[in-house]
Each structure stands twice: as C-alpha cells, then as structure tokens.
Amino acid sequence: PAGAEGMVFLPYLTGERTPHANPLARATFFGATSRHTRAYFIRAVLEGVTFALKDTVEIMQELNLPIKEVRISGGG
1 PAGAEGMVFL
11 PYLTGERTPH
21 ANPLARATFF
31 GATSRHTRAY
41 FIRAVLEGVT
51 FALKDTVEIM
61 QELNLPIKEV
71 RISGGG
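First residue of the sequence shown? That's 1 in full-length UniProt numbering, and the numbers climb one at a time after it.
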C-alpha cells in the first residue's frame with residue numbers, strides 16, 4: 001500500500017460478511033516491523049477497510065448491479 005510502507009491490514013474483526021461471507025475470517029496485520037509507528041498502523045487500517053469496500057464495489061460492477069449510494073455501518 002502507498003502509505004503504510006508495506007504493512008497490510010485485513011479488517012475482519014467479526015468475520016467477513018460482504019462480499020465473501022466467511023464468518024471465520026479474522027483481522028490481522030501483515031508486514032509490520034519495528035520501524036512502523038502508530039501512524040502506519042492507522043494508515044494500514046484505513047487502507048484495509050477501503051480496499052475491502054472496493055472489493056465489494058468491483059464485484060457489484062462485474063454483475064452489472066447499479067450502485068446509487070454507499071452506506072456503511074457497524075464496527076467501532
């Protein structure tokens with residue numbers, strides 16, 4: 001990722017519901033090192049959540065499903 005210096009966050013704190021429906025998926029950080037500061041962790045979380053949303057949008061577009069608006073809820 002551009003801003004997390006190679007660190008990646010998978011945002012599945014309560015499993016993955018959309019679009020892959022995997023209740024056993026878990027959150028994790030990949031690529032974290034001692035040089036990563038709190039700011040990098042925050043950036044990795046932001047990018048992880050954004051890419052998860054992008055995954056959903058791309059699948060909807062492949063299926064020719066119209067997207068009129070995006071509403072996000074849940075989490076912290």
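Don't be surprised by glycine CBs; every beta carbon is placed ideally from N, CA and C.
Can you find the residues in the same chain that come closer than 6 Å, C-beta to C-beta, to Val-70, ignoring five residues on each side of it along the sequence?
For the purposes of this step, residue 70 is identified with residue 70 of the sequence shown, where counting begins at 1. The answer is none, since no qualifying residue turns up.
Using DSSP with H/G/I as helix, E/B as strand and the rest coil, what is Pro-1?
To locate residue 1, count along the sequence shown from 1; it is residue 1. The predicted position of Pro-1 is uncertain, since its pLDDT is 47 and thus under 50; a value taken from the coordinates is nonetheless stated next. The answer is coil: DSSP assigns Pro-1 none of H, G, I, E or B.
Proximity winner among Ile-72, Lys-68, Thr-50, relative to Val-8 (alpha-carbon distances)
In the sequence shown, the residue the question calls residue 8 occupies position 8. Nearest of Ile-72, Lys-68, Thr-50 to Val-8, Cα basis: Thr-50.
Hey, out of Ile-67, Gly-6, Thr-18, Leu-65, whose CA is closest to Gly-74's CA?
Start at 1 with the first residue of the sequence shown, and residue 74 comes out as number 74. Nearest option by C-alpha distance: Thr-18.
Under DSSP, the alpha helix (DSSP H) around Thr-37 begins and ends at which residues?
Residue 37 sits at position 37 when you count from the first residue of the sequence shown. Premise fails: Thr-37 is in no alpha helix (DSSP H) and is neither H nor E.
So does the stretch 18-28 actually touch the stretch 52-61, counting three or more Cβ pairs closer than 8 Å?
As far as the Cβ criterion goes, the stretch 18-28 touches the stretch 52-61, which means the pair count is three or higher.
Bounding residues of the beta strand (DSSP E) (the contiguous stretch that carries Val-70)
Along the sequence shown, one-based indexing puts residue 70 at 70. In the DSSP assignment, Val-70 falls outside any beta strand (DSSP E), carrying neither H nor E.
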